[in-house]
Amino acid sequence: MSRRMLVAGNWKMNCTYTEAVNLAQQLSYACEDWDQIDVCVCPPFTALRGVSNVIDFDRARFKVGAQNVYFEKAGAYTGEISPGMLKDLDCEYCIIGHSERREYLGETDEMVNKKAQALLDEGIIPIVCVGEPVDVYDAGKTHEYVCGQVEAALSGLALTGVQDIVVAYEPIWAIGTGKVPIPEEAQDVCAAIRQSVAKVLGEEQAQKTRVLYGGSVQPANSRLFFDQPDIDGGLIGGAALKADQFADIVKEALNA
Ligand code: PGA
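If you count the sequence shown from 1, you need to add 73 to reach this note's numbering.
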């Protein structure tokens, strides 16, 4: 099955509202031929409206997504944001389970599972992040660890809303470090991830699920990952904050 490539930018806790609008405007100049693949940017909550306004106004060929969500619909959850609130701001994607949230903010597999269901129910595509810490990698236990995360995140999901799920494989030791796995190694993990998706959600869903690679993706190395058969795009951190670099990565995905 041919899957449409996805390049997603994770802006993390960067960009004020004004900076985010500027970055979105720069991307909108660059995005004329971004038709053959899906592209989305995930700014902080405070800039979602600003970025989606730029997209609307310029009819830009990329989408907006969020970096987190809460799994309840509404209520006394001070500081949290619901899937419905994201939908109202035109979010088509939402990152969940990023390793930084797992490490610093106590996000568990169980929460990731609930968030995935809540997003699917609202028609938002979850980008479920998984990835191993360096000690697990060194011990040669990556597949076991990552597949365990995938199964925990996706088990029991009812695919009654959108059936589009994205899994991003991001080795923790590769995030923001300039270190990357060899592309064939990332391919092996992404193939194993697809098998785990098949195990919990069936073969058909596994074939349409996009598996991204993330962690120190740059214009110069992106194509090596995008050319792998089980890698369907990238989740880009640092390089997503520079419009020219992000556009160059999108170009590599278009050519892959
Ligand atoms: P990086 O971040 O591209 O800066 O390594 C990727 C991510 O954390 O999503």
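A virtual CB, placed ideally from N, CA and C, is assigned to each residue, including glycine.
Indicate whether A231 and Q260 have their beta-carbon atoms separated by less than 8 Å.
In the sequence shown, the residue the question calls residue 231 occupies position 158. In the sequence shown, the residue the question calls residue 260 occupies position 187. Not in contact: A231 and Q260 (Cβ atoms no closer than 8 Å).
Who does N83 pair with in a DSSP beta bridge?
Taking the sequence shown and counting its residues from 1, the one referred to as residue 83 is at position 10. N83 pairs with C115.
Can you check which of these residues, S155, D129, D131 and L121, is closest to L162 by C-alpha distance?
On the sequence shown, residue 162 is found 89 positions in, with the first residue counted as 1. The candidate whose alpha carbon is nearest that of L162 is L121.
Local Cβ density within 10 Å of F299, reported as buried at 16 or more and exposed below that
To locate residue 299, count along the sequence shown from 1; it is residue 226. By the neighbour-count rule (16 or more Cβ atoms within 10 Å), F299 is buried.
Taking all protein chains shown into account, decide if M78 is buried (16 or more other Cβ within 10 angstroms of its Cβ) or exposed.
On the sequence shown, residue 78 is found 5 positions in, with the first residue counted as 1. Under this definition M78 is a buried residue.
L285 (DSSP reduced to helix, strand or coil):
Residue mapping note: residue 285 aligns to position 212 of the sequence shown, counting from 1. L285: strand per DSSP, three-state reduction.
Report whether the distance from the Cβ of L285 to the nearest heavy atom of ligand 1 is below 7 Å.
Numbered from 1 along the sequence shown, position 212 holds the residue referred to as residue 285. L285: no, Cβ never under 7 Å from ligand 1.
Quick check: what's the CA-CA separation for V239 versus A225?
Stepping through the sequence shown from its first residue, residue 239 is reached at position 166. Stepping through the sequence shown from its first residue, residue 225 is reached at position 152. So the alpha carbons of these two residues sit roughly 15 Å apart.
Leaving aside the five residues before and after I266 along the sequence, list all residues of the same chain whose C-beta is less than 8 Å from its C-beta, in chain order.
Translated into the one-based positions of the sequence shown, residue 266 becomes position 193. Hits under 8 Å: V203, V219, C220, V223, V240, Y242, V284 and D303.
Sort S228, G275, N141 and V209 by Cα distance to L178 and report the nearest one.
Here residue 178 refers to the residue found at position 105 when the sequence shown is read from its first residue. Minimum Cα distance to L178 is reached at N141.
Measuring straight from C-alpha to C-alpha, what distance separates E258 and L274?
Counted from its first residue, the sequence shown places residue 258 at position 185. Counted from its first residue, the sequence shown places residue 274 at position 201. Cα to Cα, E258 sits roughly 24 Å from L274.
For the stretch 95-109 against the stretch 314-322, do three or more pairs of beta-carbon atoms, one drawn from each stretch, fall closer than 8 Å, so that the two count as touching?
yes
Between which residues of its own chain and E205 is the CB-CB distance below 7 Å, once the five residues before and five after are set aside?
Within the sequence shown, residue 205 is the residue found at index 132, counting from 1. Closer than 7 Å at Cβ, skipping near neighbours: T215, Y218, V219, P244 and I245.
What would DSSP say about P256, mapped onto helix, strand or coil?
Within the sequence shown, the letter at position 183 stands for residue 256. Correct three-state label for P256: helix.
First and last residue of the beta strand (DSSP E) that includes C104?
Residue numbering aside, residue 104 sits at position 31 when the sequence shown is read from its first letter. Per DSSP, C104 belongs to no beta strand (DSSP E) and is neither H nor E.
Using a threshold of 8 Å, state whether the C-beta atoms of V114 and V137 are closer than that.
Looking up residue 114 in the sequence shown gives position 41. Looking up residue 137 in the sequence shown gives position 64. Yes, the Cβ-Cβ distance between V114 and V137 is below 8 Å.
Can the beta-carbon of V270 be found closer than 8 Å to that of L227?
By 1-based counting over the sequence shown, the position of residue 270 is 197. By 1-based counting over the sequence shown, the position of residue 227 is 154. It is a contact, given that the beta carbons lie within the stated cut-off.
Ordered along the chain, which non-local residues of its own chain (more than five positions away) have a Cβ less than 7 Å from that of Q109?
Locating residue 109 in the sequence shown gives position 36, where the first residue counts as 1. Excluding sequence neighbours, Q109 sits near L327.
What is the C-beta distance between D194 and P156, in whole angstroms, given that I count them as a contact (C-beta under 8 Å)?
Residue mapping note: residue 194 aligns to position 121 of the sequence shown, counting from 1. Residue mapping note: residue 156 aligns to position 83 of the sequence shown, counting from 1. Yes, D194 and P156 are in contact; Cβ-Cβ is about 7 Å, under 8 Å.
Is the separation between the beta-carbon of R296 and that of E325 shorter than 8 Å?
What you label residue 296 is simply residue 223 of the sequence shown in a count that begins at 1. What you label residue 325 is simply residue 252 of the sequence shown in a count that begins at 1. Taking 8 Å as the Cβ cut-off, R296 and E325 qualify as a contacting pair.
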